[in-house]
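Colleague:
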Amino acid sequence: MHVAEQILIARSAFPDEVRTVYLVPSARGGVQLLQYSWGRLTRLAFGDDIVCLRLSLDERALSQLAARLGWGSDLPRGFAAFFGQDDALLVDLLDICDREGIAYGFCSVGGSTGTMVRRRGSAG
């Protein structure tokens, strides 16, 4: 993966909701995962028409997560398989990180809800 890349990992379209997930490599060896969602479910959950969720994993956290999920070194394929499940959400990765003690940074941004930030450990 090259730092300038933004890799489309998954796109799910339902009658009342659309979600896209992008993998963005970091210059320091980690990644950011961006999940954009819009539709009726997003309005119900967040009060916004569109919301962006961002999960940041540094190199160490990324290695720990990949090892825990058995992905090996093909991270785009691992993330694509994870998000290829129709019900998989970015927050599911947060739950895994919390259970396993993996450091991360998390941010959600919506037009009327503003920004919410959550950190565990040193990932940023």
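At position 14 of the sequence shown the residue is numbered 46 (our numbering), and the sequence of numbers has no breaks.
Note that the Cβ used here is the ideal one computed from N, Cα and C, for glycine as well.
As the structure is a prediction and not an experimental result, all values here were calculated from the model.
Alpha carbon to alpha carbon, how far is Gly104 from Ser44? Give it in angstroms, no decimals.
Modeller: Translated into the one-based positions of the sequence shown, residue 44 becomes position 12. Translated into the one-based positions of the sequence shown, residue 104 becomes position 72. So the two alpha carbons sit approximately 25 Å from each other.
Colleague: Can you give the beta carbon distance from Leu65 to Pro108, rounded, assuming they're within the 8 Å contact cut?
Modeller: Here the question's residue 65 lines up with position 33 in the sequence shown. Here the question's residue 108 lines up with position 76 in the sequence shown. Between Pro108 and Leu65 the Cβ distance is about 11 Å, and since that is not below 8 Å, they are no contact.
Colleague: So Gly62 and Leu89 are supposed to be a Cβ contact under 8 Å. How far apart are they, rounded?
Modeller: Within the sequence shown, the letter at position 30 stands for residue 62. Within the sequence shown, the letter at position 57 stands for residue 89. Gly62 to Leu89, Cβ: 5 Å. Contact.
Colleague: Going by C-alpha to C-alpha distance, which of Ala98, Val53, Gln38, Pro47 sits closest to Leu122?
Modeller: Along the sequence shown, read from residue 1 onward, the residue named residue 122 stands at position 90. Looking at the Cα atoms, Val53 is the closest of the given residues.
Colleague: Cα separation between Leu125 and Gly79?
Modeller: Numbered from 1 along the sequence shown, position 93 holds the residue referred to as residue 125. Numbered from 1 along the sequence shown, position 47 holds the residue referred to as residue 79. Cα to Cα, Leu125 sits roughly 23 Å from Gly79.
Colleague: Let me know the secondary structure DSSP gives Pro108 once reduced to three states.
Modeller: Here residue 108 corresponds to residue number 76 of the sequence shown, with the count starting at 1. Helix, per DSSP.
Colleague: How would you write the range of the alpha helix (DSSP H) that Ala93 sits in, first residue to last?
Modeller: Numbered from 1 along the sequence shown, position 61 holds the residue referred to as residue 93. Segment 91–101, the alpha helix (DSSP H) holding Ala93.
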